[in-house]
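Below is one structure; the comments refer to it alone.
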Amino acid sequence: NAFQWIQYGSINNVFARFYDVSAFAIDWLSMSYMLIYIPLLFPVAWLLDKRGLRLIALAGSALNAMGAWVKLGSLKPHLFPVTVLGQVICALAQVFILGMPSRIASVWFGSHEVSTACSIAVFGNQLGIAAGFLVPPVLIPNVEDVEKLAYHISIMFFMTAGVASALFILVIIVFKEKPPNPPSRAQALIQSRPTAEYSYVQSILRLLRNANFLLLMVTYGLNVGCFYALSTLLNRMVIHHYPGEEVNAGRIGLTIILSGMAGALISGIWLDKTKTYKQTTLVVYIMSLVGMIVYTFTLSLGHLWVVFVTAGSLGFFMTGYLPLGFEFAAELTYPESEGTSSGLLNVSAQIFGIAFTIGQGQIMDRFGTKAGNLLLCSFLFLGTVMTAFIKADLQRQQANLENEQT
């Protein structure tokens, strides 16, 4: 699903020429994911609470495969609206998929594994983005001949549809709702609660009255929104300074994601060992800001290897922050549903993602890439300051500790 999000943006210039549309129109194929998520989160999170994980996994993987097959009908330059339709269906799938990591982690894993499990689940999303940066520039060369382009695009679309369909079949066969016994005391307490006691609207209202969670929601949105804008506009940024380097632009994106996956895994294991949610989140946030500043001032130096190094270190912290936010939110908001808290974090990220992608894109067109990146630096600085004010009120830890003592 994440592969399908970035497969257009990673070779923005090639798709813009094939469909004869503006770079901004191709940016919107990425932003459609963010836009559709915002209104649909609440009904889908409600479904996750009422009907459970299996239904959500089935719906997400079915829509994902369907969107991939629709895109195969858009292999002529005048069929851009068909590709938009396919992307919108994949964007619907994303609403189901994004809320699952923290929920799967808490339903299936014990209190000493939960953060690592969440990191590995977020890992899957990152793996898709990594493939989305790597595969399209390799499969689809930057050639003038429209027929040749259509042929190469069809190979990518067929591969995507095949993989998405196989995954849908696997979900049908393999995916279970929950283990026979709850893995942790905190989970057992949630499962023993009578359904009548739980009101979804009340749960959202309680979350929105939780000052620490609200601060985290804004800071998460700022950080991940920057990551979305950076991913969407990376091809345009790199091509601007290094013309003809589409494949390396994709590889730089791949480097950001792969180092971020290492960051995410390390931070998950670290949290399970230390339970230092606030401190870890703050340090990673500060390092994201430092990474972004260094990347901003090295992009235009004319040395691609320098960009690889600085983009990699930026990715390590910026992408490594993703599971931290989910897990910190689950701690601050226990016993509320993780699907709801992570959903609200994602809504915040999508809103900032759209604003930053449009804002940075416009600034880049008028004032150059450095000015666009400085915009992101200023918002990361704001997020760092706000993170410092979050109180570490770890309620899930408290529940597990109290029950170990009794």
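Each residue of the sequence shown is one higher than the one before, counting from 28 in the numbering used here.
Where is the CB? At the ideal position from N, CA and C, for every residue including glycine.
> What's the gap between the Cα of I147 and the Cα of N239?
Replying inline: Rounded to whole angstroms, I147 to N239 spans 26 angstroms at the Cα level.
>> Below 8 angstroms on the Cβ atoms is my contact criterion, and I expect L371 with N237 to pass it. Report the Cβ-Cβ distance as a whole number of Å.
In response: The Cβ separation is near 10 angstroms, so there is no contact.
> In this structure, does DSSP put D47 in helix, strand or coil?
Replying inline: Note: D47 maps to coil in three-state DSSP.
>> Relative to the C-alpha of Q229, which candidate in A357, V115, F353 and S364 has its C-alpha closest?
In response: Between Q229 and the set A357, V115, F353 and S364, the nearest pair of CA atoms involves S364.
>> With three or more beta-carbon pairs closer than 8 angstroms as the criterion, would you say the region 108 to 116 touches the region 199 to 209?
In response: Pairwise C-beta distances place the region 108 to 116 out of contact with the region 199 to 209, as fewer than three of them are shorter than 8 angstroms.
> Just checking, does the region 298 to 309 make contact with the region 409 to 429 on the three C-beta pairs under 8 angstroms criterion?
Replying inline: The answer is yes - the region 409 to 429 touches the region 298 to 309, with three or more Cβ pairs under 8 angstroms.
>> Using the Cβ count rule (16 or more neighbours within 10 Å means buried), how would you classify T301?
In response: T301 is classed as exposed because its beta carbon has fewer than 16 other beta carbons within 10 Å across all chains shown.
>> If you follow the alpha helix (DSSP H) that G287 is in, where does it begin and where does it stop?
In response: E273 to T301 is the span of the alpha helix (DSSP H), which, as asked, contains G287.
>> Does any residue of chain C have a CB that is nearer than 8 angstroms to the CB of F184?
In response: Any reference to chain C falls outside this structure, which holds one protein chain only.
> CB F406 to CB L249, shorter than 8 angstroms?
Replying inline: Taking 8 angstroms as the Cβ cut-off, F406 and L249 qualify as a contacting pair.
>> Using a Cβ distance threshold of 8 angstroms, determine whether the region 377 to 395 contacts the region 253 to 267, with at least three qualifying pairs required.
In response: Short answer: they touch.
> Taking DSSP as the reference, what is the three-state secondary structure of N187?
Replying inline: Per the sequence shown, the amino acid found at residue 187 is Thr instead of Asn. Correct three-state label for T187: helix.
> For G347, does the three-state DSSP call read helix, strand or coil?
Replying inline: Coil.
> Does the distance from the CB of L80 to the CB of I116 come in under 8 angstroms?
Replying inline: In this structure, L80 keeps its C-beta atom at 8 angstroms or more from the C-beta atom of I116.
> Are there 16 or more other CB atoms within 10 angstroms of the CB of W32, so buried, or fewer, so exposed?
Replying inline: Buried, because 16 or more other Cβ atoms sit within 10 Å of the Cβ of W32.
> What residue from A50, G137, Y60 and I182 has the CA that sits closest to D299's CA?
Replying inline: Nearest of A50, G137, Y60 and I182 to D299, Cα basis: G137.
> Around the Cβ of G252, are there at least 16 other Cβ atoms within 10 angstroms (buried) or fewer (exposed)?
Replying inline: The residue in question, G252, is buried, as its Cβ has 16 or more Cβ neighbours within 10 Å.
> Considering Y247, what are the terminal residues of the alpha helix (DSSP H) in which it resides?
Replying inline: Element bounds for Y247: A238 to H268.
> Are the region 181 to 192 and the region 158 to 169 touching, with three or more C-beta to C-beta distances below 8 angstroms?
Replying inline: Taking 8 angstroms as the limit for Cβ pairs, the verdict is that the region 158 to 169 does touch the region 181 to 192.
> DSSP state of A419, grouped into three classes?
Replying inline: The answer is coil: DSSP assigns A419 none of H, G, I, E or B.
> Where does I34 sit, in a helix, a strand or coil, going by DSSP?
Replying inline: The question names Ile, but residue 34 is Gln in the sequence shown. In the displayed model, Q34 falls within coil according to three-state DSSP, outside both helix and strand.
> Are N373 and Y64 close, meaning C-beta to C-beta below 8 angstroms?
Replying inline: Contact: yes.
> Smallest Cα separation from R44: which of E171, Q121 and M58?
Replying inline: Distance check between R44 and each of E171, Q121 and M58 places E171 closest, using alpha-carbon atoms only.
> Could you give the C-beta distance for E273 and V41, rounded to a whole number, given that I count them as a contact under 8 angstroms?
Replying inline: Contact holds; Cβ gap of about 7 angstroms.
> Count the other CB atoms within 10 Å of the CB of Q432; is the residue buried (16 or more) or exposed (fewer)?
Replying inline: The residue is exposed, with fewer than 16 neighbouring Cβ atoms inside 10 Å.
>> My assumption, with CB atoms under 8 angstroms, is that G388 sits in contact with D47. Please give the rounded CB distance.
In response: Incorrect: roughly 19 angstroms between the Cβ atoms, too far for contact.
> Are there 16 or more other CB atoms within 10 angstroms of the CB of G329, so buried, or fewer, so exposed?
Replying inline: Within a 10 Å sphere around the beta-carbon of G329 sit fewer than 16 other beta-carbons, which makes this residue exposed.
> If we call anything under 8 angstroms between Cβ atoms a contact, is F343 one with A289?
Replying inline: Contact: yes.
>> Excluding the 5 residues flanking S88 on each side, which residues of the same chain have their C-beta closer than 6 angstroms to its C-beta?
In response: Closer than 6 angstroms at Cβ, skipping near neighbours: L194, F195 and V198.
>> Distance check for T143 and A213, CA to CA, integer angstroms please.
In response: Each residue's alpha carbon lies about 17 angstroms from the other.
> Of the residues A95, S49 and L82, which one's Cα is nearest the Cα of Q34?
Replying inline: Ranked by Cα distance from Q34, the options A95, S49 and L82 are led by A95.
>> Taking the straight line between their C-alpha atoms, what separation do you get for T282 and Y60?
In response: If you take the alpha carbons of T282 and Y60, they lie about 23 angstroms apart.
>> I need the DSSP call for D172, collapsed to helix, strand or coil.
In response: The answer is coil: DSSP assigns D172 none of H, G, I, E or B.
> What are the uninterrupted segments assigned as alpha helix (DSSP H) that are 4 or more residues long and contained completely in the region 63 to 87, given in chain order?
Replying inline: Here no run is fully enclosed.
> Grouping DSSP H, G and I as helix and E and B as strand, with all else coil, what is E365?
Replying inline: The answer is helix: DSSP assigns E365 an H, G or I state.
> How is the alpha helix (DSSP H) around L161 delimited, first residue to last?
Replying inline: Start and end: V141 to L166.
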